[in-house]
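Contents: one structure, followed by commentary.
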Amino acid sequence: MKDRFNYLDTDFPIAFAHRGGALDAPENSMEAFQSAINIGYKYLETDVHLTKDGHVIAFHDDVLDRVTNLSGKICETPLSTIKSALIDGKSEIPLLKELLSEFPTARFNIDPKDDRVAEPLADAIKDTASVSRICVSSFSDRRNQNISRIVGNNLCMGVGPSGVARIRVGKFTKNSSVLNGQCVQVPVSMKGVPLITETFIKRVHSLGKVIHAWTINEPDEMRRLLDLGVDGIMTDKPQVLKDVLIHRNEWA
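This is the structure in structure tokens:
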């Protein structure tokens with residue numbers, strides 16, 4: 003698997019800066035991603051939406067209201083207006099292509115947040131020749147399938163929600179199409195029910211896949227999950243995770 007997918011050709015565990023490090027800098031901003039790069043991060047996590055006029059931007063919410071000085075739905079707002087919005091009152095919202103250009107050696111974990119952005123995202127990956135350094139993972143099986151179909155089998159993908167559910171209950175066959183994807187990226191629990199358990203991790207590994215936990219900000223929980231055997235952690239606090247991994251001699 004690691005030979006085929008350059009994205010996973012690294013030492014485990016992988017440290018991901020979630021939205022660039024959302025508690026250390028304005029989330030999904032150039033400043034956040036640069037800050038993570040500056041302390042040695044190689045893997046950056048972000049989200050994408052499509053503007054009214056068809057541009058792929060790095061942004062989590064479907065509206066501008068929570069983190070910017072403007073309001074309105076992303077899908078109803080043109081890029082010219084998007085570029086005047088400031089995250090936390092100070093940082094522009096970047097285009098995905100700007101991120102890929104600004105950080106040419108970084109590897110990106112990308113969550114497409116709606117169906118409209120799937121095809122433009124796939125086109126952006128192809129147009130920038132970035133397939134080897136991107137993993138796409140969303141909460142929609144259909145979205146994942148559409149992107150994989152357009153980009154091709156060399157794109158690293160996350161297992162969709164149907165596959166995660168099958169792994170969770172232990173009802174799957176290795177060649178099932180719902181298990182397509184190389185990475186199982188999940189929270190510690192879902193609706194109050196523990197998800198990342200020793201059994202779940204063993205099932206993921208038995209399929210030849212890797213498991214990444216999100217979003218983990220407390221050092222004790224980071225250590226617990228690493229002891230269980232997760233292959234990566236996404237965090238809003240990049241320095242905290244780095245310190246934990248250094249202490250374990252697992253920072254690469």
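Just so you know, we're using my numbering here: the sequence shown kicks off at 3 and counts up by one. Note that beta-carbon positions come from the ideal geometry of N, C-alpha and C, so glycine has one too. Computed from a predicted structure; not experimentally measured.
For residue i and residue j, what's the separation of their Cα atoms in angstroms?
{"i": "N182", "j": "F110", "result": "19 angstroms"}
{"i": "Q241", "j": "K54", "result": "36 angstroms"}
{"i": "V188", "j": "I213", "result": "8 angstroms"}
{"i": "P319", "j": "I136", "result": "Given that the chain is displayed from residue 3 to residue 254, the structure contains no residue 319 and the question cannot be resolved."}
{"i": "T1", "j": "K244", "result": "The structure shown does not extend to residue 1, since the chain is modelled only from 3 through 254, so no value can be given for it."}
{"i": "A126", "j": "S37", "result": "24 angstroms"}
{"i": "N251", "j": "L46", "result": "21 angstroms"}
{"i": "V180", "j": "V161", "result": "7 angstroms"}
{"i": "I41", "j": "P15", "result": "17 angstroms"}
{"i": "D143", "j": "D116", "result": "12 angstroms"}
{"i": "L227", "j": "K176", "result": "25 angstroms"}
{"i": "G231", "j": "H20", "result": "20 angstroms"}
{"i": "S132", "j": "I169", "result": "30 angstroms"}
{"i": "P80", "j": "P196", "result": "41 angstroms"}
{"i": "I203", "j": "V65", "result": "35 angstroms"}
{"i": "V119", "j": "H57", "result": "9 angstroms"}
{"i": "T217", "j": "F61", "result": "17 angstroms"}
{"i": "I198", "j": "A17", "result": "17 angstroms"}
{"i": "D113", "j": "L123", "result": "10 angstroms"}
{"i": "G165", "j": "K173", "result": "10 angstroms"}
{"i": "I39", "j": "E200", "result": "32 angstroms"}
{"i": "W253", "j": "K44", "result": "11 angstroms"}
{"i": "L208", "j": "E121", "result": "According to the sequence as given, residue 208 is Ser; it is not Leu. So the two alpha carbons sit approximately 32 angstroms from each other."}
{"i": "V190", "j": "I248", "result": "23 angstroms"}
{"i": "G194", "j": "A167", "result": "15 angstroms"}
{"i": "F35", "j": "I59", "result": "14 angstroms"}
{"i": "D2", "j": "E33", "result": "Outside the shown range of the chain, which is 3 to 254, sits residue 2, and nothing can be said about it."}
Taking DSSP as the reference, what is the three-state secondary structure of residue i?
{"i": "L102", "result": "helix"}
{"i": "T237", "result": "strand"}
{"i": "R145", "result": "helix"}
{"i": "S31", "result": "coil"}
{"i": "F18", "result": "strand"}
{"i": "S150", "result": "helix"}
{"i": "I127", "result": "helix"}
{"i": "A167", "result": "helix"}
{"i": "V138", "result": "strand"}
{"i": "I41", "result": "coil"}
{"i": "V161", "result": "coil"}
{"i": "L243", "result": "helix"}
{"i": "Q184", "result": "coil"}
Leaving aside the five residues before and after residue i along the sequence, list all residues of the same chain whose C-beta is less than 7 angstroms from its C-beta, in chain order.
{"i": "T70", "result": "A87, L88 and I89"}
{"i": "Y9", "result": "R109, S134, R135, I136, C137 and C158"}
{"i": "K4", "result": "With a pLDDT of 43 at K4, under the threshold of 50, the modelled position of that residue is not reliable, and no figure is offered here."}
{"i": "V246", "result": "P221, M224 and R225"}
{"i": "D67", "result": "S73"}
{"i": "G91", "result": "N71"}
For residue i and chain D, any beta-carbon pair shorter than 8 angstroms?
{"i": "Y43", "result": "Reference to chain D is not applicable here, since this structure consists of a single protein chain."}
Spatial neighbours of residue i within its chain, please: CB distance less than 6 angstroms, with the 5 preceding and 5 following residues excluded, ordered by chain position.
{"i": "R151", "result": "none"}
{"i": "S31", "result": "I89 and S93"}
Near residue i, what residues of its chain come up, given a Cβ to Cβ distance below 8 angstroms and the 5 sequence neighbours on each side ignored?
{"i": "T130", "result": "K99, L102 and S103"}
{"i": "K128", "result": "I152 and V153"}
Have a look at the DSSP bridge pairing and note the partners of residue i.
{"i": "D49", "result": "D113"}
{"i": "A60", "result": "V50"}
{"i": "V65", "result": "K75"}
Which parts of the stretch 67-120 are runs of the beta strand (DSSP E), unbroken and 3 residues or longer, counting only runs that do not cross its ends? Within the stretch 67-120, the complete beta strand (DSSP E) runs of at least 3 residues are 109-114.
Along the chain, which unbroken stretches of the alpha helix (DSSP H) at least 4 residues long are found entirely within the stretch 186-235? 200-208 and 221-230
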